[in-house]
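Since the structure comes first, as structure tokens, the remarks are kept for the end.
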Amino acid sequence: MDSLKYINHYSESTKKQVLELIAQEKLGEHLKKKYPTAHDVKTDKALFGYVNELKSSYIKNAPPLSKVLYDGKINVIHNALGTHHFISRVQGAKLKSKNEIRIASMFKSAPLEFLEMIAVHELSHFKAKEHNRAFYSLCEYMQPSYHQVEFDLRLYLTQMELFGKMDEWN
């Protein structure tokens with residue numbers, strides 16, 4: 001079951017269904033059917049605008065974002081999908097803070113729902129630091145299908161690890 005490390009904590013019946021899709025080599029097809037097209041947020045500037053729009057729509061009183069970008073150094077399979085950073089520096093008598101979000105560059109050509117899920121996840125950390133009930137409630141507030149998309153993203157990572165990169169979304 002090492003091939004199911006991304007969904008290891010799900011029920012046995014769920015894992016069995018995923019194993020059947022893998023055995024039939026239909027996991028990628030299943031994902032393409034559910035999420036047929038890629039987003040068009042390809043540049044760091046467009047990503048900054050997209051994430052900032054989410055932030056201003058749902059968590060207006062959170063501190064402003066200094067930087068949002070795609071990061072080719074994030075190792076998705078072994079590390080993370082995205083990261084968030086809170087950087088505080090003393091400049092004279094003032095405390096300056098910067099808030100950054102970095103998203104793995106492999107998501108430049110993924111469905112919008114996957115990009116939104118990662119952005120929502122990282123934005124939620126600005127209000128709730130821990131992965132607790134308040135954190136996931138905020139995620140669901142910003143993206144009502146958050147948990148389903150997170151599961152599907154885990155399937156996507158499983159597909160990538162087992163069969164390599166999927167055909168690009170159109």
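Residue 131 in the UniProt record's numbering sits at position 131 of the sequence shown; the count goes up by one each step and never skips.
Virtual Cβ for every residue (Gly too), placed ideally from N, Cα, C.
Note that the structure is predicted; figures quoted are calculated from it, not measured.
By Cβ distance below 7 Å, which residues in the same chain neighbour residue i in space, the five residues on each side in sequence not counted?
| i | result |
| --- | --- |
| lysine 127 | Ile59, Ala62, Leu138 |
| asparagine 117 | Just to set this straight, residue 117 is methionine in the shown sequence, not asparagine. So the list reads Gln143, Tyr146, Val149, Glu150, Leu153, once near-sequence residues are dropped. |
| leucine 162 | Ser3, Ile22 |
Figure out for me which residue from the options has the closest Cα to the Cα of residue i.
| i | options | result |
| --- | --- | --- |
| lysine 45 | Leu69, His39, Glu116 | Leu69 |
| glutamine 143 | Val120, Thr14, Ser66 | Val120 |
| glutamate 113 | Leu65, Tyr136, Asp40 | Asp40 |
| proline 111 | Tyr10, Asn52, Lys42 | Lys42 |
Given residue i, which residues of its chain have a CB within under 8 Å of its CB, disregarding the five upstream and five downstream residues?
| i | result |
| --- | --- |
| methionine 166 | Gly28, Leu31, Lys32, Tyr156, Gln159, Met160 |
| arginine 154 | Tyr6, Ile7 |
Short of 6 Å in beta carbon distance, which residues of its chain neighbour residue i, apart from the five on each side in sequence? Order them along the chain.
| i | result |
| --- | --- |
| glutamate 140 | Tyr146 |
| lysine 129 | none |
Alpha carbon to alpha carbon, how far is residue j from residue i? Give it in angstroms, no decimals.
| i | j | result |
| --- | --- | --- |
| arginine 102 | aspartate 71 | 6 Å |
| leucine 115 | aspartate 152 | 12 Å |
| isoleucine 7 | glutamate 150 | 10 Å |
| lysine 5 | tyrosine 35 | 22 Å |
| asparagine 14 | glutamate 25 | Reading off the sequence shown, one finds threonine at residue 14, where the question assumed asparagine. Those two C-alpha atoms are separated by around 17 Å. |
| lysine 16 | glycine 164 | 21 Å |
| tyrosine 10 | arginine 133 | 18 Å |
I'd like the span of the beta strand (DSSP E) that includes residue i, first residue to last.
| i | result |
| --- | --- |
| valine 41 | Per DSSP, valine 41 belongs to no beta strand (DSSP E) and is neither H nor E. |
What are the boundary residues of the alpha helix (DSSP H) that residue i is part of?
| i | result |
| --- | --- |
| leucine 21 | 12-23 |
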